[in-house]
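S.K.: My questions will all concern the structure given below.
2 protein chains.
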Amino acid sequence: MADEKNDRFLRACRRQPVDTVPVWIMRQAGRYLPSYREVRKHVTFLELCRTPELAARVTLMPVEQLGVDAAILFSDILIPVEPMGIGLVFTDAGPSLDGAIRNRGDVDRLRVPTPEEDMPFVLQAVRLLRRELEGKVPLIGFAGAPLTLAAYMTEGGGSTHFTQLKRLLFADPAAAHALLDKITDTVAAYLAAQVAAGAEAVQLFDSWAGVLSPAHFDEFALPYVQRVVAAVRQAGEVPFIYFVNGIAGLLGRLRGCGADVIGFDWRVDIGEVRARLGDGVAVQGNLDPCVLLGPEALIDHEVERVLAAAGTAPGHIFNLGHGILPETPPEHARRLVEAVHRLGRRAAGQGGDGECGGQRA
Amino acid sequence: MADEKNDRFLRACRRQPVDTVPVWIMRQAGRYLPSYREVRKHVTFLELCRTPELAARVTLMPVEQLGVDAAILFSDILIPVEPMGIGLVFTDAGPSLDGAIRNRGDVDRLRVPTPEEDMPFVLQAVRLLRRELEGKVPLIGFAGAPLTLAAYMTEGGGSTHFTQLKRLLFADPAAAHALLDKITDTVAAYLAAQVAAGAEAVQLFDSWAGVLSPAHFDEFALPYVQRVVAAVRQAGEVPFIYFVNGIAGLLGRLRGCGADVIGFDWRVDIGEVRARLGDGVAVQGNLDPCVLLGPEALIDHEVERVLAAAGTAPGHIFNLGHGILPETPPEHARRLVEAVHRLGRRAAGQGGDGECGGQRA
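Chains as they are written, first to last, in our numbering: chain G, 44 to 404; chain H, 44 to 404.
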């Protein structure tokens with residue numbers, strides 16, 4: 044069993060040598076997969092999230108069908124907002140939240156949920172998945188970062204300019220910090236519970252950190268991320284991935300965030316990120332998801348470009364720079380995984396110490 | 044007359060000392076102004092663009108009401124797409140283009156318009172404005188950058204993921220380059236004609252350059268910008284401003300773009316931009332437009348923060364990092380201009396050679 048276990052992903056998180064570059068795909072269990080759409084014919088998105096057996100089944104699909112090096116729990120970053128006291132529905136246009144947060148009174152009415160009582164289905168899915176995966180690949184748990192959840196809770200859904208979020212941050216910073224405080228307590232307990240249930244790594248998704256100026260990121264995002272990292276460290280020794288969408292202007296402040304891995308979007312050169320962050324952290328990314336809409340020869344070419352830019356130092360997990368698009372042909376996702384494993388062997392081999400270099404592949 | 048003329052903006056473009064930091068606001072003649080909304084009660088957005096007297100009247104409003112240091116022609120970056128052969132309407136939701144470009148055949152059907160014949164109203168507005176401004180402040184002409192216009196022409200309007208644009212770039216790069224080539228010829232002639240008509244500076248708006256990876260920016264955006272810069276240089280000795288929305292990941296490639304001024308969004312530290320671009324270029328930016336939704340004390344504080352980050356070297360034009368939001372209180376826009384002039388005196392004075400330092404204010 045030990046020999047069959049694929050630990051490339053966890054080794055890369057720890058900046059240890061690997062036989063080839065590990066890869067997983069954000070939203071890898073999603074609408075682009077026919078088998079996923081089949082399940083969704085019978086349940087809503089939220090029902091799927093709340094049914095451990097179905098969430099586990101969907102989680103396993105990309106592991107079985109694509110050969111990715113990690114599973115990530117099927118769920119949504121907005122799951123904790125409902126037990127915090129905000130109604131939530133998903134439509135084709137995306138999430139819609141009831142009773143958006145506008146002032147201190149709204150913040151004071153929010154509660155900090157207890158994961159075991161308020162979101163037991165998530166922890167059940169984690170336990171179920173660890174049994175079903177049988178150590179084949181590691182399981183990643185996740186949550187939304189405080190600033191990103193605050194964005195959804197103030198805007199009531201997606202947004203172009205994030206004026207409601209920023210009105211609160213700029214016009215009532217005390218209320219904004221009170222909101223971020225409650226979200227941080229929620230997210231920290233939620234991730235710790237996932238680790239206790241068996242998650243072998245966690246990713247904190249900061250989808251909207253990149254809409255802030257760097258100075259406002261320092262004020263309203265980074266300190267709360269650091270608190271979440273510290274809380275998860277207490278819960279267990281698992282790699283912590285901090286994904287920042289729109290990272291390019293924030294590189295200078297991320298060295299001290301505490302995460303083991305920094306994940307990021309495609310609008311920055313991955314080599315520049317590694318140079319700026321230093322070798323004390325692993326990186327995850329960063330192919331433009333739209334590349335998977337192009338021909339297969341392009342996918343190889345672009346995978347090679349990202350691998351070359353990332354260089355051969357240990358500690359690169361390949362991923363898209365954002366979630367896979369629903370219109371992606373599933374065979375292109377398979378080609379991506381195959382191409383990373385094939386082309387990443389050289390990169391990993393050159394960077395490794397020879398322990399795993401190429402021989403095992 | 045010469046003494047009254049406000050040339051702060053042009054001096055800062057050329058990195059010459061100024062009495063205080065000049066400021067103008069992207070979309071300064073827009074919906075947030077009651078006097079603008081009054082004009083729009085009687086004409087559509089496109090009628091306004093196509094009527095030189097009205098376009099000129101609206102252009103002058105922020106000069107008279109806010110005291111900005113430059114006027115920018117009231118128009119839209121999509122004006123040239125109609126004479127290229129693509130129908131255009133504006134709704135409350137934004138622009139909508141007919142017959143989106145999907146392949147080489149669509150590109151081949153496009154024509155390169157002649158500005159004097161196909162867009163005479165723009166050049167008439169420029170000439171009219173130069174007379175009406177009487178040298179009070181300089182007049183900026185503008186156009187959309189090739190990649191940004193290609194984005195609108197492929198998507199048919201705004202977009203979240205720009206999948207149609209990227210499908211063309213990635214799946215049919217020859218057609219994409221043919222499209223960018225025709226747009227570049229169009230934009231170069233259009234800006235040259237504005238300069239010939241009297242525009243004293245030009246700005247190229249690259250609203251969507253930041254949706255590309257840096258490698259794709261090198262391939263599909265930068266070479267065309269360089270061609271536009273070279274063409275405008277032939278037309279006259281006016282400062283060239285290249286505005287890049289989402290610049291943070293692209294700083295390493297912009298040194299050689301040829302522009303006199305680089306403008307950019309708020310998601311990057313302006314001091315970092317200056318350090319990375321070097322002192323051979325002026326910078327324009329970069330306050331988050333949402334700051335103008337906050338209280339007036341915040342505006343002062345945030346203006347001071349941007350001025351401090353920009354430092355005291357000559358060559359900073361204050362602006363927002365993106366267009367002013369329609370919901371901005373006009374008195375907050377006035378406060379911004381006043382705060383930059385008041386707080387920028389120290390910055391400009393310290394950086395200047397004493398020629399203009401503070402005495403004239």
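We treat Cβ as the ideally placed atom computed from N, Cα and C, and that holds for glycine. Since we're looking at a predicted model, the values are computed, not measured.
1) Could you list which residues in chain G have their beta carbon closer than 9 Å to that of Phe213(H), in chain order?
2) Among all the DSSP beta bridges, which residues are the ones paired with Ala244(G)?
3) Counting only beta-carbon atoms, is Gly401(G) nearer than 8 Å to chain H?
4) Report yes or no: is there a C-beta of chain H within less than 8 Å of the C-beta of Ala55(G)?
5) Please classify Asn329(H): is it buried, with 16 or more other beta-carbons within 10 angstroms of its beta-carbon, or exposed?
6) Measure the Cβ-Cβ separation of Leu53(G) and Ala244(G) and say whether it is below 8 Å.
7) Count the C-beta pairs between the stretch 133-146 of chain H and the stretch 93-104 of chain H that are closer than 8 Å, then say yes if the count reaches three, no if not.
8) Mind listing the chain H neighbours of Gly295(G)? Cutoff is C-beta to C-beta under 8 Å, in chain order.
9) Return the chain-ordered list of same chain residues with a C-beta closer than 6 Å to the C-beta of Val254(H), the five sequence neighbours on each side being excluded.
10) Quick one: which residues of the stretch 251-282 of chain G get their C-beta closer than 8 Å to a C-beta of chain H? List them in chain order.
11) Per DSSP, what kind of secondary structure is His359(G) in: helix, strand or coil?
12) Give a yes or no on whether the C-beta atoms belonging to Ser118(G) and Asp331(H) are separated by under 8 Å.
13) What is the rounded straight-line gap between the Cα of Leu222(G) and the Cα of Arg145(G)?
14) Shorter than 8 Å from the beta carbon of Gly292(G) to some beta carbon of chain H?
15) Would you call the stretch 148-164 of chain H and the stretch 228-240 of chain H touching, i.e. three or more CB-CB distances under 8 Å?
16) So, at 7 Å on beta carbons, what are the nonlocal neighbours of Arg298(G) in its own chain, with the 5 sequence-adjacent residues on each side left out?
17) Thinking C-beta only, is Ile360(G) closer than 8 Å to Ala335(G)?
18) Does any CB atom of chain G fall closer than 8 Å to the CB of Arg145(H)?
19) Can you find a C-beta in chain H that's less than 8 Å from the C-beta of Arg74(G)?
20) What three-state label does DSSP hand Thr203(H) in the structure shown?
21) With DSSP as the reference, identify every bridge partner of Leu172(G), one or two as the case may be.
22) If you run the structure through DSSP and keep just helix, strand and coil, what is Gln327(H)?
23) Look at the alpha carbon of Pro189(G) and the alpha carbon of Ala340(H), and state the distance between them as a whole number of angstroms.
24) Is DSSP giving Tyr285(G) helix, strand or coil here?
25) Taking 8 Å as the threshold, find out whether the stretch 267-284 of chain H comes into contact with the stretch 377-392 of chain G through three or more Cβ pairs.
26) Among residues of its own chain, excluding the 5 on either side of His259(H), which ones have a beta-carbon nearer than 8 Å to its beta-carbon?
27) For the stretch 192-216 of chain H, which residues have a CB atom closer than 8 Å to at least one CB atom of chain G, in sequence order?
28) Can you tell me whether DSSP reads Thr87(G) as helix, strand or coil?
29) Any idea which residues DSSP pairs Val82(H) with across the strands?
30) Could you tell me whether the stretch 169-178 of chain H touches the stretch 284-295 of chain G, where touching means 3 or more Cβ pairs closer than 8 Å?
31) Quick check: is the beta carbon of Leu97(G) nearer than 8 Å to any beta carbon in chain H?
32) Can you find a C-beta in chain G that's less than 8 Å from the C-beta of Arg93(H)?
33) Taking buried to mean at least 16 other C-beta atoms within 10 Å of its own C-beta, is Gly323(G) buried or exposed?
34) Among the residues of its own chain, which have a CB less than 7 Å from the CB of Leu265(H), if the five just before and after it don't count?
35) Counting only beta-carbon separations shorter than 8 Å, does Leu190(G) have a partner in chain H?
36) Enumerate in chain order the residues of its own chain whose CB-to-CB distance from Thr371(G) is below 7 Å, with the five nearest sequence positions on each side excluded.
M.R.: Taking the structure as given:
1) Asp331, Cys333, Val334, Leu336, Gly337, Pro338, Leu341 and Glu345
2) Ile183(G)
3) Because Gly401(G) carries a pLDDT of 33, less than 50, the predicted location of this residue cannot be relied on, and the following value inherits that uncertainty. Cβ-Cβ to chain H under 8 Å: no for Gly401(G).
4) no
5) buried
6) yes
7) no
8) Asp312 and Glu315
9) Phe205
10) Gly253, Val254, Leu255, Ser256, Pro257, Ala258 and His259
11) strand
12) no
13) 10 Å
14) yes
15) yes
16) Leu320 and Gly321
17) Note that residue 335(G) corresponds to Leu in the displayed sequence, not to Ala. No, the pair does not count as a contact, with Cβ atoms beyond the cut-off.
18) no
19) no
20) coil
21) None, per the DSSP bridge assignment.
22) strand
23) 27 Å
24) strand
25) no
26) Leu212
27) His204, Phe205, Thr206, Lys209, Arg210, Phe213 and Ala214
28) coil
29) Looking at the DSSP assignment, Val82(H) forms no beta bridge with any residue, so it has no partner.
30) no
31) no
32) no
33) exposed
34) Arg296 and Cys300
35) no
36) Tyr75, Leu335 and Leu336
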